Amino acid sequence: MRIAFTPEEEAFRAEVRDFIEAECDPAARRRVNEGLGLAKEDYVAWHKALAAKGWSCPHWPVEHGGRDWTPAQHYIFEEETGDAGCPPPVPFGPEMVAPVVWTFGDDEQKARHLPPILSGDVWWAQGYSEPNAGSDLASLKTKAVLDGDHYVVNGGKTWTTWAQFADWIFLLARTSSEGKRQEGITFLLVDMTAPGIALHPIVTMEGGHEVNQTIFEDVRVPVANRIGEENKGWTYAKFLLGYERFNMAGVPAAKRQMRRLRRIADDQGLAGDPRFRHRMADADIQIRTLESTMLRLLAAATAGKDPGAEASYIKIRGTEIDQLMTELAMEAVGPYTLPFAPNAGAEGWNEEPVGPDYAAPVAPTYFNTRKVTIYGGSNEIQKNIIAKHVLGL
Amino acid sequence: MRIAFTPEEEAFRAEVRDFIEAECDPAARRRVNEGLGLAKEDYVAWHKALAAKGWSCPHWPVEHGGRDWTPAQHYIFEEETGDAGCPPPVPFGPEMVAPVVWTFGDDEQKARHLPPILSGDVWWAQGYSEPNAGSDLASLKTKAVLDGDHYVVNGGKTWTTWAQFADWIFLLARTSSEGKRQEGITFLLVDMTAPGIALHPIVTMEGGHEVNQTIFEDVRVPVANRIGEENKGWTYAKFLLGYERFNMAGVPAAKRQMRRLRRIADDQGLAGDPRFRHRMADADIQIRTLESTMLRLLAAATAGKDPGAEASYIKIRGTEIDQLMTELAMEAVGPYTLPFAPNAGAEGWNEEPVGPDYAAPVAPTYFNTRKVTIYGGSNEIQKNIIAKHVLGL
Amino acid sequence: MLDLELSEEQRLLKDSADRFVARDYAFESRREAVAGEDGFRREVWRRFASLGWLGVGLPEDFGGSGGARETAVLMESLGRGLVVEPYLACVVMAAKAVALAGADAQKEELLGGVVSGDLLLSLAYAEPRSRYDPAHVETRAEAAGDAWVLNGRKGLVLNGDTADRFVVSARAAGGVADEDGVALFVVDAGADGVHARGYPTNDGGRAAEVSLENVAVAADALLGGDSTGGARVVAEVVDRAAAAVCAESLGLMAALNDLTVDYAKTREQFGQPIGKFQALQHRMVDMFVALEESRSLTAVYMADVDSAEAAERQLAVSAMKAQCDKAGRAVGQEAIQLHGGIAMTDDYIASHYFKRLSAIHRLFGDIDWHLERYARLAL
Amino acid sequence: MLDLELSEEQRLLKDSADRFVARDYAFESRREAVAGEDGFRREVWRRFASLGWLGVGLPEDFGGSGGARETAVLMESLGRGLVVEPYLACVVMAAKAVALAGADAQKEELLGGVVSGDLLLSLAYAEPRSRYDPAHVETRAEAAGDAWVLNGRKGLVLNGDTADRFVVSARAAGGVADEDGVALFVVDAGADGVHARGYPTNDGGRAAEVSLENVAVAADALLGGDSTGGARVVAEVVDRAAAAVCAESLGLMAALNDLTVDYAKTREQFGQPIGKFQALQHRMVDMFVALEESRSLTAVYMADVDSAEAAERQLAVSAMKAQCDKAGRAVGQEAIQLHGGIAMTDDYIASHYFKRLSAIHRLFGDIDWHLERYARLAL
């Protein structure tokens with residue numbers, strides 16, 4: 009498929025490429041391309057490099073440090089950074105809390121919180137899920153009780169990704185049990201150094217530590233750190249969940265996975281196996297199909313139209329393809345998916361790998377990727393939403 | 009897999025084979041093996057031949073003309089008749105109404121109705137479904153109003169299979185609208201020659217006429233033709249639906265389809281295509297798996313045990329495999345599934361076929377077989393039942 | 003930037019086709035047309051001509067307009083209407099073969115006739131043993147002085163029973179499946195030795211087996227005077243036909259999805275509309291996603307069908323056909339299942355959409371065939 | 003008639019294994035065992051010996067009992083308990099290879115040691131490039147007078163880090179993937195030139211890469227004195243191992259299904275137990291059916307694993323492995339999905355069942371490999 013970019017757009021693409029070449033750590037890119045994990049420093053270093061160029065949060069409003077890019081430029085930027093294996097953006101600050109702050113926060117909150125997110129100096133975590141809430145977010149139980157000019161927060165959040173790196177956390181807390189469950193929720197910004205916050209690491213099945221239980225015991229949060237009005241937090245939370253920036257991160261990642269899969273299949277003698285080729289071809293068409301949907305959204309955005317219903321199934325298909333790619337990799341690698349090497353490829357790891365050198369990350373990635381159809385609103389929840397809001401059932 | 013049959017059982021198998029060879033019309037068998045339809049006469053002729061041998065309804069109680077066979081003998085009988093392509097049993101009389109008659113009918117009803125079913129002299133139809141009832145059987149609206157020693161029946165039944173051949177029909181009619189919907193239903197036996205019965209053929213998508221709408225307008229049915237008590241018909245109906253005779257008819261048919269599929273694949277040059285071989289192997293394993301489940305039931309029955317939950321998913325898997333086989337045949341035949349020849353192979357048809365001679369029945373069968381996951385309690389209903397009664401959800 | 007929005011002309015074409023289908027192409031009158039002798043209505047065909055549709059996808063120099071995207075726009079609307087008139091067989095396939103292979107004089111004569119609605123052409127390329135390979139040509143063309151003699155049998159010639167003339171592929175040289183050595187001839191349906199045996203197809207269409215027995219044709223019947231490159235022309239035409247039925251399947255799927263959702267909202271079982279049952283809801287969402295994804299892929303790749311690079315065209319067509327067939331199978335089967343018994347009947351339109359989708363899956367390469375070609379080109 | 007019911011002995015074996023797993027094999031103590039140096043507990047292994055389990059599947063003459071069905075009975079219970087002790091590696095595989103290929107004296111010594119629990123064996127047959135083909139043997143055995151010298155590298159030797167001795171396949175003649183020319187040797191883990199590099203596996207087990215550098219072994223180390231038929235013995239052993247893990251997967255799937263249904267009954271979302279949501283109910287029914295079908299197939303075909311006919315054994319094993327892997331993949335993935343986040347954690351046992359199922363899918367031939375073999379034998 010040919011996309012006719014303008015000469016200006018092609019020039020922009022060249023600029024992005026040159027910038028990546030010059031500023032993005034090749035070691036980090038190699039790790040991304042080989043399916044290995046990154047350290048916090050890798051994310052921060054790339055974010056700061058982008059920030060120095062003014063590109064760390066290009067989708068933000070210009071007044072807060074965003075860029076006045078066309079949809080095509082966003083597309084090119086994400087395609088190039090994704091294709092090159094640059095560390096992917098960490099969403100909690102730039103993509104989740106920031107839009108809430110600039111939309112519903114007061115001037116002081118904007119001045120205090122947006123610049124360090126833009127610069128990469130402050131790392132945020134998300135405090136939505138609770139152990140007994142799951143997909144039913146509004147059933148949350150963490151309490152915030154007003155005490156003078158502070159809220160006193162008690163309760164616990166779970167699945168707080170990378171809270172161990174976080175300087176701040178945004179969270180939903182119950183300030184009232186009157187009325188419907190969605191009422192009585194307040195949106196708070198909390199300094200992670202506040203006394204009374206304890207982290208309990210959750211080890212996921214592949215052996216990694218990405219998520220935590222975050223426990224709040226009499227944590228005092230200044231009222232000044234409340235977003236908007238008390239008891240209106242559900243409105244801001246829904247805004248956040250619905251804030252779909254134009255995002256095609258899944259497609260470049262899937263293409264990277266496909267390139268890696270083809271290398272593995274070649275090495276394992278599967279490239280000529282008609283059944284495996286058939287499955288690879290099918291997967292490749294699925295990726296192009298998802299990409300086509302992204303392009304439809306882009307075309308609609310360029311024409312100033314609301315993307316509408318198309319956007320709603322991207323999460324479903326993107327995560328299904330992600331899981332499919334990890335399964336195909338398992339199949340291609342075969343028996344050497346068995347060795348357990350949770351730190352394979354980590355900084356300082358210098359053991360000889362067991363099996364082919366591409367094998368180590370394959371099973372952990374397969375295991376870890378089971379999460380993607382669960383988190384961010386499980387795919388079942390997404391289907392409920394489409395059934396109701398798109399099909400009218 | 010080896011089944012160690014006893015010498016007596018092997019002798020029985022030989023007897024069944026010899027009988028089929030001697031008594032079952034080779035032309036009818038050829039039609040079954042080639043996936044072509046049968047005429048009423050084919051079914052009746054084979055049933056009468058079996059009846060002469062005392063084998064027409066072997067699963068009936070001996071007192072009514074059944075055989076005192078072991079489960080292994082039933083298995084062998086169905087395997088041999090299925091494998092040979094004998095016309096399959098027509099269930100409405102022998103397998104549906106007969107158990108209701110001998111269980112709940114009075115002596116006069118037994119004497120009147122069971123012998124002609126056994127002999128093949130009377131053909132029955134089923135009057136359960138109604139246009140607006142579907143899977144929700146209990147919402148039926150056909151009414152029977154008592155008038156002296158007759159019920160006056162008004163209403164309509166749909167999907168009455170082969171009602172055009174039927175001498176009698178059993179039906180559920182509403183005799184009361186008090187209480188729960190399941191109460192107030194009465195089970196009636198109706199002579200199809202009674203005045204006021206009209207048939208409207210329903211042509212199904214492949215072009216065939218298997219089913220009808222059967223309309224009842226002031227049809228007078230003697231009270232003597234009521235099964236059991238008034239308003240208790242739901243009990244008898246549920247008994248009928250739950251009357252699972254030991255039935256492995258689906259497996260020999262699937263094996264026949266597999267043999268035909270392999271011939272087609274050979275002729276179309278697909279036998280060496282690894283992808284198609286893969287799908288055929290997968291289907292063949294599915295058939296063996298279903299057969300294994302039937303054998304488990306047989307073993308349990310032999311040991312005098314209730315088959316239990318295993319029985320509940322046979323309808324689901326049997327129909328899925330049936331549909332899978334018709335799809336694989338479509339795929340194998342390819343473009344020559346297109347010609348429309350609804351009467352191909354019918355008595356008196358002597359046109360030259362378009363395309364390979366095995367092609368004509370393939371698409372009509374694929375289309376017609378869409379019904380199997382819908383009728384007899386849709387597969388969705390079966391899943392609801394398993395969820396509730398087996399999993400306790 | 004990528005232009006996925008419809009142009010003004012495309013929008014007009016779509017509106018007029020949608021309007022025609024909605025207003026003037028009722029299911030009942032279609033049924034009568036299918037049962038009639040030609041399998042379609044001549045007056046509808048003349049209407050197509052007057053609307054300018056019989057030139058859609060043909061060169062402007064000979065009265066046509068637009069390319070693969072315009073063909074797709076029209077096909078999608080015709081799909082929604084289950085239109086049986088032979089636009090695919092005559093315009094997208096046979097006339098396009100003339101446009102690609104013919105000399106100017108041939109194009110002038112034949113395309114003029116097609117665009118005006120006066121001439122019906124069918125492409126006789128497939129054979130009883132060719133399956134999905136357009137280069138498999140057993141029909142023989144033997145030079146006899148200036149003229150040619152054709153012998154062979156053509157299978158599944160779409161709308162071949164009403165064609166005035168056939169465009170016939172015949173082997174002038176080489177082995178049975180060689181890409182080179184195939185010639186394309188224009189043959190009168192009434193010529194000596196030509197026998198077309200027409201029959202209905204499962205999807206409400208018509209086709210014919212065409213036998214050629216010592217059919218003598220003059221030198222000017224050979225398209226473009228080229229007796230060797232015909233298989234490549236047919237391959238391109240078949241790709242275009244595959245792309246066209248992908249677009250058609252969008253219309254078919256959309257119709258089935260709408261029917262299913264509407265039915266689920268009104269059909270009550272166990273005291274509520276069946277659309278309230280979550281298991282069915284999720285399956286209808288899958289149907290919706292399957293259609294939307296097919297829409298996306300075809301929107302982006304349809305333009306590649308006009309590419310001068312065969313590999314680019316083939317990759318796009320194979321991706322689209324594999325995706326649309328996969329989606330169409332799922333949507334078709336689920337639509338029947340979720341409706342239940344009613345959709346099994348000939349009286350209810352859903353079964354006809356289903357059968358047309360099933361026919362499409364067996365035309366111009368099935369999923370396996372296209373995945374194999376895709377793998378060869380893309381992996 | 004077919005005997006699918008458990009015999010009295012099988013019933014006793016099953017009861018004792020189920021009781022052991024339920025009472026004495028808590029998830030937490032398993033976790034400690036996995037983290038320990040051996041990856042399993044010696045005292046548990048001694049208990050297995052005292053229960054007579056270390057002879058299950060081995061010849062009666064050498065202290066064993068039962069065949070493939072008894073092995074299956076035990077494996078299913080061990081699967082439910084996620085047992086990590088090396089019954090599969092030592093008894094089903096290495097000792098069975100000795101039983102099939104060894105001379106009486108070798109069997110006497112080695113099987114006696116295994117059955118008593120005093121000797122741990124591992125079968126070193128796979129190699130870094132052998133994938134699923136047991137005849138792919140690059141390791142070389144060179145005759146040196148009466149003795150042999152072995153050189154090569156063995157991969158994924160299950161529980162190879164705690165083995166006292168290895169049964170090693172090595173090529174004495176022929177090309178890399180020839181079925182003939184492979185010999186089996188018994189090699190001391192401590193012999194000169196033998197280096198085992200142990201590591202944990204994703205499923206909580208252990209394995210080793212074993213390198214052999216100029217390892218000198220005496221003539222009596224050659225199993226059965228036969229230097230050419232080893233690949234066939236390994237093929238049979240691998241088939242038996244495949245059948246055994248099919249039985250194990252029944253236990254794993256049953257545990258996951260029970261966990262999932264129980265969780266669905268208690269976990270509330272949106273004001274009701276999630277088990278009330280119809281879409282989830284239907285998926286749990288699919289999980290139930292997948293398990294029951296796998297049970298049926300293995301019940302009927304497991305006895306064929308003891309068949310003297312290789313083709314009968316192979317067909318049965320391939321059917322079972324393809325079915326059980328397909329079912330296990332679906333059950334495992336759905337169990338995680340229906341649980342949600344909790345099942346992603348290392349603390350919750352479901353993830354460990356899932357990982358063991360995933361490991362089984364990559365051992366002894368995957369679905370494609372078995373479908374291919376099945377097609378060759380059955381179609």
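Protein chains in written order, with the working numbering: chain A, 9 to 401; chain B, 9 to 401; chain C, 3 to 381; chain D, 3 to 381. C-beta atoms are modelled at their ideal positions from N, C-alpha and C, and glycine is treated no differently. For clarity, every value in this text was computed on a predicted model and none was experimentally measured.
#### Entry: Three or more C-beta pairs below 8 Å linking the stretch 230-240 of chain C and the stretch 96-110 of chain C
yes
### Query
Taking Cβ positions only, does Ala-35/D come closer than 8 Å to chain A?
no
### Query
With DSSP run on the structure shown, which of helix, strand or coil describes Gly-387/B?
The amino acid occupying residue 387/B in the given sequence is Asn; Gly does not appear at that position. DSSP places Asn-387/B in helix when its eight states are reduced to three.
### Task
Rank Tyr-134/D, Phe-50/D, Met-346/D, Arg-71/D by C-alpha distance to the C-alpha of Ala-245/D and give the top, closest one.
Arg-71/D
### Message
Below 8 Å on the Cβ atoms is my contact criterion, and I expect Thr-169/A with Gln-134/A to pass it. Report the Cβ-Cβ distance as a whole number of Å.
### Response
7 Å
### Task
Mind listing the chain B neighbours of Ser-353/C? Cutoff is C-beta to C-beta under 7 Å, in chain order.
Met-213
### Task
Check the Cβ-Cβ distances between Phe-254/B and every residue of chain A, and say whether any is below 8 Å.
Low per-residue confidence applies at Phe-254/B: pLDDT is 48, beneath 50, and the placement is therefore not dependable, though the value from the model is reported in the following sentence. Answer no: the Cβ-Cβ gap between Phe-254/B and chain A never drops below 8 Å.
### Query
Once you ignore the five residues that flank Pro-202/D on each side, which residues in its own chain have a CB closer than 7 Å to its CB?
Gly-41, Arg-208
#### Entry: Option nearest Gly-367/D by Cα separation, candidates Glu-336/D, Leu-381/D, Gln-325/D
Gln-325/D
### Task
Using the Cα positions of Glu-111/D and Glu-62/D, report the straight-line distance between them to the nearest angstrom.
14 Å
### Message
Check for me: the alpha helix (DSSP H) holding Ile-295/A runs from which residue to which?
### Response
282-310
### Task
Run the CB neighbour count on Arg-253/B, radius 10 Å, all protein chains shown included, and call it buried at 16 or more, exposed below.
For Arg-253/B, the predicted model reports a pLDDT of 48, less than 50, meaning its position is unreliable; a value from the coordinates is still stated below. Exposed, because fewer than 16 other Cβ atoms sit within 10 Å of the Cβ of Arg-253/B.
### Task
Within 10 angstroms of the Cβ of Phe-50/C, are there 16 or more other Cβ atoms? Answer buried if so, exposed if not.
buried
### Residue burial classification, Gly-277/A (beta-carbon count within 10 angstroms, cutoff 16)
exposed
### Message
Looking only at its chain, what residues have a beta carbon closer than 7 Å to the beta carbon of His-363/C, apart from the 5 residues adjacent to it on each side?
### Response
Asp-327, Gly-330, Arg-331
### Task
From the DSSP output, read off the bridge partner residues of Val-58/C.
Ser-67/C
### Message
Taking the straight line between their C-alpha atoms, what separation do you get for Arg-142/D and Leu-224/D?
### Response
13 Å
### Query
Whose Cβ in chain C lies nearer than 9 Å to the Cβ of Asp-144/B?
Glu-270, Gln-271, Phe-272, Gly-273
### Query
Buried or exposed: which applies to Leu-125/D, given that a residue is buried once 16 or more other Cβ atoms fall within 10 Å of its Cβ?
buried
### Query
Touch check for the stretch 241-255 of chain C and the stretch 80-98 of chain C: three-plus C-beta pairs under 8 Å?
yes
### Query
Beta-carbon of Thr-381/B versus every beta-carbon of chain C: anything under 8 Å?
yes
### Query
If the cut is a Cβ gap below 7 Å, which residues of chain B does Pro-202/C touch?
Phe-348
### Message
I want to see whether chain C comes within less than 8 Å of Gly-192/B, judged by CB atoms only; does it?
### Response
no
### Message
Quick check on the DSSP output: what are the complete alpha helix (DSSP H) runs of length 4 or more inside the stretch 107-176 of chain A, in order along the chain?
### Response
115-127
### Task
Give the range of the alpha helix (DSSP H) segment to which Pro-260/B is assigned.
258-275
### Query
Start and end of the alpha helix (DSSP H) containing Ala-36/B?
34-41
### Query
What separation, rounded to the nearest whole angstrom, lies between the Cα atoms of Leu-332/B and Ala-99/D?
40 Å
### Query
Do we get a CB-CB distance below 8 Å when we pair Arg-271/A with the residues of chain B?
no
### Query
Name the chain A residues whose beta carbon is nearer than 9 Å to that of His-341/C?
Residues of chain A passing the Cβ test: none, with the nearest at roughly 15 Å.
### Task
Step through the CB atoms of chain C and report whether any lies within less than 8 Å of the CB of Arg-283/B.
yes
#### Entry: N-terminal and C-terminal residue of the alpha helix (DSSP H) that Ser-118/C is part of
106-118
### Query
So, helix, strand or coil for Leu-152/D, using DSSP?
strand
#### Entry: Local conformation of His-67/B per DSSP, three classes
coil
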